[in-house]
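Just below is one structure, and these are the notes that go with it.
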Amino acid sequence: MNSRLYRRSARAAARLLHPLVAAALLIVLAVPAFAQPKPCVAPLGWWESKGLMPFFINPKGNAPTTDCDFQLWSWSAFVHFMQPDPKSGAPMFLLLPTYDDLVSDKTRGPIAKPEALLKTRELSLRPRNEQPKSLGSFKQAGPGGVLVDQNGRSVYYATHMDPIYFNFTQTYFGPNNYKKAAPTLNYPIGATVIKSSWRIVAAGETVTDAYTTTATIALLESDGKGKLKASGKTQSGVKVALVGIHVVGVIKDHPEFAWSTFEQLKNAPDLPANLTPNSPEPVSAQSYTFYKGGTPANVSNILPKTMTIDPATQVIAPITNVFQQFQYGGATPALRVADIDSINANFQATIKGQSPKVIDPVFANYRLTGTVWMLPNTLVPGDGNMSEQAIGSIDLDNDTLETFVQGVGTNCFSCHTTSGHGTSYPGKNINTSHIITSVLKPNPLILQSR
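If you read the sequence shown in this note's numbering, its first letter stands for residue 568, the second for the next number, and so on.
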């Protein structure tokens, strides 16, 4: 077994030991197995392989055993779903089914080719506090809120499911279908869901370092209580830029899903090591897409108590200044950080040199923040404390999808658990999917998170 894979669990165990013993244990674990570890890069031949398939999704194949393996899955899955559709030229993930394609308590045959269902339609986006029509509203992760960019516009969101994830979800979607799922039933290997965040491109703005497309967006209005809500109206043909992506998938021996997140390089500054989130000092002198240079840390990542909006221009106040609290999602030790740096450099450089027929070179302008997972095959029903079992980037958040909940010990497993959330419904392994639990009654509070 690779020692780095299990350092997170050993670190948790060390907390229970005598301080001196714990310190000695952590020192031993920090010693690398090799003086010069191998670089974390894509294996030779993968870029020439058919379909650019993600690693570790073959039930009869190898399972990930090193930190690098998980980062390799993350980047290979990102590339797989960002490669262009041969017909439309759009990234493949934009052709995948969305929440609105699911039908509660109905039987639908498996969708082998999602384009047969989707045909041609424009990307449909909503603010994070408005879910698709079937769900009603919910809040952004944690206390809720709307991320507002430097132009005063809301950031919008979408969720797409690959055929494996979609077909499995449809089978157990709805209260009656959900009852048929055994507590230990897992999502199948290869099931992948992609959550994306998008900012509106301002009139006259030229964007060359992010993927752009047009979308239909939900228009907003005041709820009369200092918050925002969807007005019921939409606007089509709006140019938007991709700023953040979660790639979440089941890989061999990891039914809990591996959770990775990618950021556009110019989203926000990383919080310097010598600053705390409540520091009155600026995070950076440089301006970013979601940060005005010179803004103090203690007024950034703040969820305002009230917001206003001009219904005609859709300009919102106040804007949100954002920083990334953990550059690598809290990954330690140094070897784990080195893997992320190495694989980012490798994939970014390779993407830059690719033909647009393979992948749009614009995707070289995104970086992997990190990946989080658990020990192999340890997922059990009814576990509401999965975040403590996290390995890898144990403080992983995306600064455009979880802006207001960044913090120590906060990661994807903080919300995505197998718990029944009180007495709302039974503890089941498939409860890690908020899509499946969304239609259960009473609607659980967990829907107010990611």
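Heads up, the beta-carbon is just placed ideally off N, CA and C, and yes, glycines get one too.
For the segment 801 to 869, the continuous beta strand (DSSP E) assignments of 3+ residues that do not extend past its boundaries occur at 821 to 831, in sequence order.
A straight line joining the alpha-carbon of T856 with that of K746 spans about 45 Å. Only residues of its own chain outside the window of five on either side were considered, and among them G811, T828 have a CB closer than 6 Å to the CB of N965, listed in chain order. Pairing V814 with S789, the inter-Cα distance amounts to about 32 Å. Cα atoms of T880 and L935: separation of roughly 34 Å, rounded to the nearest angstrom.
Counting along the chain, the unbroken beta strand (DSSP E) around I767 starts and ends at 759 to 767.
For the pair D716 and V722, the Cα-to-Cα distance works out to about 7 Å. Remark: three or more beta-carbon pairs, one from each stretch, lie closer than 8 Å, so the segment 951 to 958 and the segment 982 to 992 are flagged as touching. A direct Cα-to-Cα measurement between K919 and P928 gives close to 5 Å.
Beta-bridge pairing by DSSP links R934 to E830. By the 16-neighbour rule on beta-carbons within 10 angstroms, E830 is buried. Taken in chain order, the segment 936 to 963 contains no complete beta strand (DSSP E) segment of 3 residues or longer. Per DSSP, reduced to three states, the secondary structure at A609 is coil, with no helix or strand assignment. Rounded to the nearest angstrom, the Cβ distance from Y732 to A758 is 4 Å, consistent with a contact under 8 Å. Of the residues A852, P750, T873, I761, the one whose Cα lies closest to the Cα of N998 is P750.
In this structure P658 touches F648 by the C-beta definition: roughly 7 Å separates them, less than 8 Å. Check the Cα spacing between F735 and each of R720, L752, H821: the tightest is with L752. If you draw a straight line from the Cα of G712 to the Cα of V972, it is about 10 Å long. One Cα belongs to V807, the other to L842, and the distance between them is close to 33 Å.
Our two residues, L963 and W826, have alpha carbons roughly 9 Å apart in a direct line. Linking N625 to T738 through their CA atoms gives a straight-line distance of about 22 Å. In this model, A901 and G959 are separated by some 12 Å (Cα to Cα). Measuring C-alpha to C-alpha distances from T862 to each of T875, T775, S846, Y724 identifies S846 as the nearest. Taken through DSSP and simplified to helix, strand or coil, R720 comes out as coil.
P651 has P658 as its beta-bridge partners, per DSSP. The beta carbons of I910 and V670 sit no closer together than 9 Å. Look at I756 here: in three-state DSSP terms it is coil, with no helix or strand label. For a cut-off of 8 Å, the C-beta gap from L786 to T801 is around 6 Å, short enough to register as a contact. By the Cβ-count criterion, K617 is exposed, with fewer than 16 other Cβ atoms from all chains shown falling within 10 Å of its own Cβ. Note on geometry: alpha-carbon atoms of A782 and R720 lie some 15 Å from one another. In this structure, S854 sits away from L809, with a CB-CB distance that is not shorter than 9 Å. Per DSSP, reduced to three states, the secondary structure at I1003 is helical. Only buried fits S643, as 16 or more other CB atoms lie within 10 angstroms of its CB. Following the DSSP letters along the chain, one finds I918 inside the alpha helix (DSSP H) bounded by residues 901 to 919. Looking at the DSSP output, S691 bridges to T783. Per DSSP, the unbroken alpha helix (DSSP H) holding P742 starts and ends at 742 to 746.
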